[in-house]
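**Student:** In the numbering used here, the protein residues as written are 1 to 349. C-beta: ideal position from N, C-alpha, C; glycine also. Since this is a predicted model, take the numbers as computed values, not measurements.
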């Protein structure tokens, strides 16, 4: 009967929308959301430059007053920083409405593409539904990726007429738009992040950290931006005890910094040197990728002196070493002085 035929067309249109179009639209919206999140984060002051990011990272560590955070920062630098960026993204977008305008924009553009594809397929005078649907999918092309499995299942036993199908499809797409709008409104941001194709924290890490390589001695991150450099360097090194180094004779963590050690007659042992004693002056035999400027006059910043003095016992315990012999002057440094030194290091007014 005519009624059951029309009902069949309506049912098929809904089926095509739910099984083929809807997952493709959701996928498109989420894949477009990643770059939006990154662009939004890059407008924040601390993501504006590498220096401002490093400054905020170290200032945050100082305010947390927790040696475990410093340990993670030193020993698992990349994962610590990515986790922190991930946390900042979640805070920035904690209200779901923050991403809603992005989602709505991508949803509108998907729906427009679908409606245009339906109109174009109608002008193609397809006499069977299979050809009509294929024309729609072809028109949507690269923008919406429709699952071939879902499409295959939909095509089986499909005898509906393209014209009423097109009418009901347009109606179904309207309903889908409202359903998805509601879904995006209600879905928590943390849940949305799981579906975003490009992990924003990884992309932001590359932008604000550069190569992420650390000095083999003191664990200071390389100052060179991007990944295109062959030599790693840092303008200011840290007490080596922060990077687990200790004196062989006493097992005490060392307070010396790399710049003065590579200008001395002292020696080091490590796995990379087959545990043999090696002169600091020839450190490049072992670590050819690092360029450490020899300078006996350089000292660690007050920030790292404060950190080393404050958490000396904790670092020693974590690294299975004896606590360092901390100079008396280091013990006098306050956290305000440490923060002032941090500002100076990063030229923050």
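Might you give, ordered along the chain, the residues of its own chain that have their beta carbon closer than 8 Å to the beta carbon of residue 92, omitting 5 neighbours on each side?
**Tutor:** Closer than 8 Å at Cβ, skipping near neighbours: 40, 41, 44, 98.
**Student:** Measuring straight from C-alpha to C-alpha, what distance separates residue 229 and residue 349?
**Tutor:** Taking the straight line joining both Cα atoms gives about 30 Å.
**Student:** With a Cβ-Cβ cutoff of 7 Å, do residue 53 and residue 103 count as a contact?
**Tutor:** The answer is no: Cβ separation not under 7 Å.
**Student:** Taking the alpha-carbon of residue 322 as reference, which of 301, 336, 252 has the nearest alpha-carbon?
**Tutor:** Taking only the C-alpha atoms, the option nearest residue 322 is 252.
**Student:** Kindly provide the ranges of any alpha helix (DSSP H) runs that are 4 or more residues long and lie completely inside the stretch 166-249, ordered along the chain.
**Tutor:** Counting only runs of 4 or more, we get 189-195, 200-209.
**Student:** Could you tell me whether the Cβ atoms of residue 300 and residue 257 are closer together than 7 Å?
**Tutor:** The answer is yes: Cβ separation under 7 Å.
**Student:** Taking all protein chains shown into account, do 16 or more other C-beta atoms lie within 10 angstroms of the C-beta of residue 234, making it buried, or fewer, making it exposed?
**Tutor:** Result: buried.
**Student:** Checking 7 Å against the spacing of the C-beta atoms, do residue 150 and residue 20 come in under that value?
**Tutor:** In contact: residue 150 and residue 20 (Cβ atoms closer than 7 Å).
**Student:** According to the Cβ coordinates, are residue 241 and residue 254 closer than 7 Å?
**Tutor:** Yes, the pair counts as a contact, with Cβ atoms nearer than the cut-off.
**Student:** Evaluate the contact criterion for the stretch 338-348 versus the stretch 299-313: three or more CB pairs, one atom per stretch, below 8 Å.
**Tutor:** Because the criterion of three Cβ pairs below 8 Å is met, the stretch 338-348 and the stretch 299-313 touch.
**Student:** If you drop the 5 nearest sequence neighbours on each side, which residues of the same chain put their C-beta closer than 8 Å to that of residue 170?
**Tutor:** Excluding residues within five positions, the ones whose Cβ falls inside 8 Å are 115, 118.
**Student:** Taking the alpha helix (DSSP H) that residue 290 falls in, what are its first and last residues?
**Tutor:** Segment: none, residue 290 is in no alpha helix (DSSP H) and carries neither H nor E.
**Student:** When you compare the stretch 28-37 with the stretch 194-202, are there three or more beta-carbon pairs, one atom per stretch, that lie closer than 8 Å?
**Tutor:** Output reads yes: the stretch 194-202 touches the stretch 28-37.
**Student:** Measure the alpha-carbon distance for residue 87 versus residue 190 and round it to whole angstroms.
**Tutor:** Near 10 Å, if we compare the C-alpha coordinates of residue 190 and residue 87.
**Student:** Measuring CA to CA, which of 314, 23, 343, 209 is closest to residue 66?
**Tutor:** Among 314, 23, 343, 209, the Cα nearest to that of residue 66 belongs to 314.
**Student:** According to DSSP, is residue 50 helix, strand or coil?
**Tutor:** Reduced to three states, the DSSP call for residue 50 is helix.
**Student:** Once DSSP output is grouped into helix, strand and coil, what is the label at residue 269?
**Tutor:** If DSSP states are grouped into helix, strand and coil, residue 269 belongs with coil.
**Student:** Return the chain-ordered ranges of every alpha helix (DSSP H) run that is complete within the stretch 13-81 and spans a minimum of 4 residues.
**Tutor:** Listed in chain order, they are 22-41, 50-64, 67-75.
**Student:** Relative to the C-alpha of residue 155, which candidate in 345, 13, 316 has its C-alpha closest?
**Tutor:** Cα-wise, what sits closest to residue 155 is 13.
**Student:** Spatial neighbours of residue 266 within its chain, please: C-beta separation below 7 Å, excluding the five flanking residues on both sides.
**Tutor:** Result list for residue 266: 280, in chain order.
**Student:** If you drop the 5 nearest sequence neighbours on each side, which residues of the same chain put their C-beta closer than 8 Å to that of residue 77?
**Tutor:** Result list for residue 77: 212, 214, 219, 221, in chain order.
**Student:** Taking residue 142 as the reference, which of 175, 110, 132 has the closest Cα?
**Tutor:** Looking at the Cα atoms, 110 is the closest of the given residues.
**Student:** Buried or exposed: which applies to residue 284, given that a residue is buried once 16 or more other Cβ atoms fall within 10 Å of its Cβ?
**Tutor:** Exposed, by the Cβ-count rule.
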